[in-house]
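Chemist:
Residue numbers (the numbering used here): 60 to 531.
Dropping the structure here:
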């Protein structure tokens, strides 16, 4: 009798986990379908005549690019060159050197002929002390702030203090933004300047692409399978989930590598939170909360067409550190604003997006790992029937393959970046293979990050070993 009861309890838990995994994948499939509809309907880029008109217009809103930099000597020259050459009529680049221990600052001074400036920066947002301010002797709008180390969010806030434009774009200092990327990113704001307070763009893996003078000149798939898997993962996250959430005006994260904000909105909300490792997610959740509490009309938008390229980790050690940090940031952001959970006061954000992230993105890795453990143990000891195990692996792995391959298909509805069928074939192959080991490994690391977040572990910048961009 006890043995029968134990089997029933085991079957109950196993069935619950299967339903949970099925539900999360079904919701993501729903978001992917929304993304398909949205990409066909609302994601048109500016045409060439429209771009030319904007480039010649004195009415285009001024934009300041804020690029925090910590130990970015391997890529800082190419990245800043790329930022300075973006197609946009009124642009300033603000690089914030956050107490780098390598030659980041020296490279900037040498390559861009910087000199000590007498320019003053207001202290609207509290930051670590600024040690020096540099401007260029060349006819370029480049400002470099050298400050005491305080973390990425602290560096962004220092850049916000220095910015004088209506809009600010926050990016990583190791990213390469496509030449018309900023022009495409500003499109939602130009169409609705009163309501649009933030816009996010797509991020792609630059590993093994050729980079020359701050431009990606030849696009190719990475030679590293680890990087290939991440290329697919980025497609799934940006072209599936974020397009879908944006369609519902419930986007909870804009990548810290490529986000455009209204300066007044960020300052009014208090700037970026310096004690959070997930500052890019926390600020978006807080903007939703801030505007909905004040019953203001607003939009936070994701645009698939604008693309920036960034180097992704190619070693498991660095990838593990990154994913633990990302998951910890998710835990911190959601827990800090937990009063939004299932709160109708916050509309679809509180009733759909926040619960999805809380119950699935935050808790999902632990449930999935538990499902693998219970299924394997159940099969080994004959507690569950083989059909139950097949059902679990079907909803977890086969559904995962469907979502990953669907994201590759969605790439065809944006400006196609990978130039040949061979690249598409590699993407499809990676979309299948990542579900057999790689995704499970990421899930385990996310559980580690979940535990770190629940324990209240702190820490900001994580070391990222840069190879630097590949020269043509």
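Using N, Cα and C, we set each Cβ at its ideal position, and we do this for glycine too. These numbers come from a predicted model, not from an experiment.
So the candidates are 499, 376, 203 and 404; which of them puts its Cα closest to the Cα of residue 129?
Modeler: Taking only the C-alpha atoms, the option nearest residue 129 is 203.
Chemist: Would the region 297-314 and the region 491-510 be scored as touching if the rule is three or more Cβ pairs under 8 Å?
Modeler: These segments do not touch.
Chemist: In three-state terms, what does DSSP make of residue 92?
Modeler: Helix, per DSSP.
Chemist: Is it buried or exposed for residue 111, if we count other Cβ within 10 angstroms and need 16 for buried?
Modeler: Answer is exposed; the Cβ neighbour count stays below 16.
Chemist: For residue 208, write down the residues that DSSP places opposite it in a beta bridge.
Modeler: According to DSSP, residue 208 bridges with nothing at all.
Chemist: Would the region 94-101 count as touching the region 116-134 if we require 3 or more Cβ pairs under 8 Å?
Modeler: Contact fails: fewer than three Cβ-Cβ distances are below 8 Å.
Chemist: Can you round the beta-carbon distance between residue 22 and residue 386 to whole angstroms, since I take them to be within the 8 Å contact cut?
Modeler: Absent from the structure is residue 22, since the part of the chain shown begins at 60 and ends at 531.
Chemist: Which whole runs of the beta strand (DSSP E) in the region 188-235 are 3 residues long or more, in chain order?
Modeler: Whole beta strand (DSSP E) segments, 3+ residues: 189-195, 201-206 and 226-230.
Chemist: Which one or two residues does DSSP pair with residue 157 in a beta bridge?
Modeler: For residue 157, which the question treats as bridged, DSSP gives the partners 206.
Chemist: Taking 8 Å as the cut-off, does the region 192-211 touch the region 168-175 (at least 3 CB pairs, one atom from each stretch)?
Modeler: Cβ pair count under 8 Å is three or more, so yes.
Chemist: In three-state DSSP terms, what is residue 427?
Modeler: Of the three classes helix, strand and coil, the one that applies to residue 427 here is helix, per DSSP.
Chemist: Roughly how many angstroms separate the alpha carbons of residue 244 and residue 190, rounded to a whole number?
Modeler: Residue 244 and residue 190: Cα-Cα distance of roughly 33 Å.
Chemist: If you pair each beta-carbon of the region 348-356 with each one of the region 302-311, do three or more pairs fall below 8 Å?
Modeler: Cβ pair count under 8 Å is below three, so no.
Chemist: Residues in the same chain with beta-carbon distance under 8 Å from residue 226, minus the five sequence neighbours each way, listed in chain order, please.
Modeler: Cβ neighbours of residue 226 beyond the five flanking positions: 120, 121, 122, 123, 245, 248, 319, 320, 321 and 322.
Chemist: Determine which residues share a DSSP beta bridge with residue 246 and list them.
Modeler: None; residue 246 has no bridge partner.
Chemist: Where do the N-terminal and C-terminal ends of the alpha helix (DSSP H) with residue 390 fall, by residue?
Modeler: 375-395 is the extent of the alpha helix (DSSP H) around residue 390.
Chemist: Roughly how many angstroms lie between the CA atoms of residue 87 and residue 462, to the nearest whole one?
Modeler: C-alpha separation (whole angstroms): 8 Å.
Chemist: What distance in whole Å lies between the Cβ atoms of residue 455 and residue 427, which are believed to be in contact at a cut-off of 8 Å?
Modeler: Yes, they are in contact, since the Cβ atoms of residue 427 and residue 455 sit about 7 Å apart, within 8 Å.
Chemist: Count the C-beta pairs between the region 71-81 and the region 416-427 that are closer than 8 Å, then say yes if the count reaches three, no if not.
Modeler: Touching, yes, given that three or more Cβ pairs across the two stretches are closer than 8 Å.
Chemist: Hey, would you say the C-beta of residue 388 is under 6 Å away from at least one heavy atom of the ligand HEM?
Modeler: As far as ligands go, the structure on display features none, and thus does not contain the ligand HEM.
Chemist: Does the count of Cβ pairs from the region 148-161 and the region 275-287 closer than 8 Å reach three?
Modeler: Touching, no.
Chemist: Alpha helix (DSSP H) containing residue 509: first to last residue?
Modeler: Per DSSP, residue 509 belongs to the alpha helix (DSSP H) from 497-513.
Chemist: Which value, in whole angstroms, describes the spacing of the CA atoms of residue 182 and residue 391?
Modeler: The straight-line gap from Cα to Cα measures roughly 26 Å.
Chemist: Kindly indicate if chain C contains any beta-carbon less than 7 Å away from that of residue 235.
Modeler: Absent from the structure is chain C; it holds one protein chain and no more.
Chemist: How would you call residue 106, buried or exposed, if buried means at least 16 neighbouring beta carbons within 10 angstroms?
Modeler: Residue 106 should be labelled exposed.
Chemist: Note down the Cα distance separating residue 315 from residue 375, rounded to an integer number of angstroms.
Modeler: The straight-line gap from Cα to Cα measures roughly 22 Å.
Chemist: Count the CB pairs spanning the region 478-485 and the region 391-401 that are closer than 8 Å, and state whether there are at least three.
Modeler: Touching, no.
Chemist: Considering residue 313, what are the terminal residues of the beta strand (DSSP E) in which it resides?
Modeler: Counting along the chain, residue 313 falls outside any beta strand (DSSP E), and DSSP gives it neither H nor E.
Chemist: Decide if residue 479 is buried, meaning its Cβ has at least 16 other Cβ atoms within 10 Å, or exposed.
Modeler: With fewer than 16 other Cβ atoms within 10 Å, it is exposed.
Chemist: At what residues does the alpha helix (DSSP H) containing residue 343 begin and finish?
Modeler: Segment 338-352, the alpha helix (DSSP H) holding residue 343.
Chemist: How would you call residue 363, buried or exposed, if buried means at least 16 neighbouring beta carbons within 10 angstroms?
Modeler: Residue 363 should be labelled buried.
Chemist: Leaving out five residues on either side along the sequence, give the residues of the same chain with a beta carbon under 8 Å from the beta carbon of residue 180.
Modeler: So the qualifying residues of the chain are 189, 192, 204, 217, 220 and 221.
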